[in-house]
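Novice: This is the structure, below, for whatever I ask next.
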Amino acid sequence: MTSFFFCPIFCWGQQDSSGKSELGIGVNFQTKLHYFGRTDRLQSSALVPNIGYQLKNGLYIQSNFIFIQNKAISTTYAGATVEGGYRFKPSKHFNGNIFYTQVLYKDKSQLPQSALKGQTGVNIAYTGTVININAGVILSSPKDQLMLERL
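Terminal number for the sequence shown in my numbering: 147, no gaps in between.
Listed below in structure tokens is the structure:
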């Protein structure tokens, strides 16, 4: 009989960080890459390292670096996003942000969302005891036109 024990060396719970600036670093992986339901025929997956910095006053900047892989190509750099904005000071039941995102594609990108140049928007959320309400408005800037999306 084999037993496994996991003993964390350091543990942190979610804390209120509104009083200090923060640096965040992470990596995400997404299978079957899509954009509003639109996929590519090669069923690409993506590895997305990210980094962000938020000042204690709520202003922030973050970036994602997108690497794709599919049946035709090994993992390769496809583009990046750079986002700047303001996060509202969170309260017990309310949070949200205002943002602008610029998308920077490698030439001849194979990303499903490659028609998107940038977007700006507002997100708000109310968390109650029984019900949660999320709302947002995003203005997207495709290569030739401006689109309004509601979340």
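For each residue, glycine too, the CB sits at the ideal point set by N, CA and C.
Since the model is a prediction, treat every value here as computed from it, not as a measurement.
#1: Compare the C-alpha of Gly22 against each of Leu43, Lys28 and Leu38 and name the closest.
#2: Less than 8 Å between the beta carbons of Phe29 and Ala68, yes or no?
#3: Can you look up Phe84 in the DSSP assignment and give me helix, strand or coil?
#4: Rounded to whole angstroms, what's the CA-CA distance from Ala74 to Val126? Just pull it up for me.
#5: Just verifying my parser: in three-state terms, what is the DSSP assignment at Gln39?
#6: Do Val118 and Val99 count as a contact pair if the criterion is CB distance below 8 Å?
#7: Using a Cβ-Cβ cut-off of 8 Å (strictly less than) and excluding sequence neighbours within five positions of Gly92, which residues of its own chain qualify?
#8: With a 10 Å radius around its C-beta and 16 neighbouring C-beta atoms as the bar for buried, classify Ser136 as buried or exposed.
#9: Determine whether the beta carbon atoms of His89 and Gly124 lie at a separation below 8 Å.
#10: In the DSSP assignment, find the beta strand (DSSP E) that holds Asn91 and state where it starts and stops.
#11: Please classify Lys112 as buried or exposed, where buried requires at least 16 neighbouring CB atoms within 10 angstroms.
#12: Tell me whether Ile62 is buried or exposed, calling it buried when 16 or more other Cβ atoms sit within 10 Å of its Cβ.
#13: Would DSSP call Asn53 helix, strand or coil?
#14: At which residues does the beta strand (DSSP E) containing Val126 begin and terminate?
Specialist: Taking the geometry as given:
#1: As a working note, residue 22 is residue 26 in the sequence shown. The alpha carbon of Gly22 has as its nearest neighbour, out of Leu43, Lys28 and Leu38, the alpha carbon of Leu43.
#2: Reading the sequence shown from its first residue, position 33 is the one you call residue 29. Reading the sequence shown from its first residue, position 72 is the one you call residue 68. One detail in the question is off: residue 29 reads as Leu in this sequence, not Phe. Not closer than 8 Å, so no.
#3: Numbered from its first residue, the sequence shown carries residue 84 at position 88. Per DSSP, reduced to three states, the secondary structure at Phe84 is coil, with no helix or strand assignment.
#4: Counting from one through the sequence shown, the residue named residue 74 turns up at place 78. Counting from one through the sequence shown, the residue named residue 126 turns up at place 130. One Cα belongs to Ala74, the other to Val126, and the distance between them is close to 42 Å.
#5: Translated into the one-based positions of the sequence shown, residue 39 becomes position 43. Here Gln39 sits in coil by DSSP.
#6: To locate residue 99, count along the sequence shown from 1; it is residue 103. To locate residue 118, count along the sequence shown from 1; it is residue 122. The Cβ atoms of Val99 and Val118 lie no closer than 8 Å to each other.
#7: Position 96 of the sequence shown holds residue 92. Arg83, Phe84, Val118, Asn119, Ile120 and Ala121.
#8: Here residue 136 corresponds to residue number 140 of the sequence shown, with the count starting at 1. Buried, because 16 or more other Cβ atoms sit within 10 Å of the Cβ of Ser136.
#9: To locate residue 89, count along the sequence shown from 1; it is residue 93. To locate residue 124, count along the sequence shown from 1; it is residue 128. Between His89 and Gly124, the CB-CB gap stays under 8 Å.
#10: Position 95 of the sequence shown, counted from the first residue, corresponds to residue 91. For Asn91, the uninterrupted beta strand (DSSP E) run begins and ends at Phe90 to Tyr101, by DSSP.
#11: Counting from one through the sequence shown, the residue named residue 112 turns up at place 116. Residue identity check: residue 112 is Leu in the sequence provided, not Lys. With 16 or more Cβ atoms within 10 Å of its Cβ, Leu112 is classed as buried.
#12: Counting from 1 along the sequence shown, the entry for residue 62 is found at position 66. Within 10 angstroms of the beta-carbon of Ile62 lie 16 or more other beta-carbons, which makes it buried.
#13: Here residue 53 corresponds to residue number 57 of the sequence shown, with the count starting at 1. Three-state DSSP puts Asn53 in coil, outside helix and strand.
#14: Here the question's residue 126 lines up with position 130 in the sequence shown. Counting along the chain, Val126 falls outside any beta strand (DSSP E), and DSSP gives it neither H nor E.
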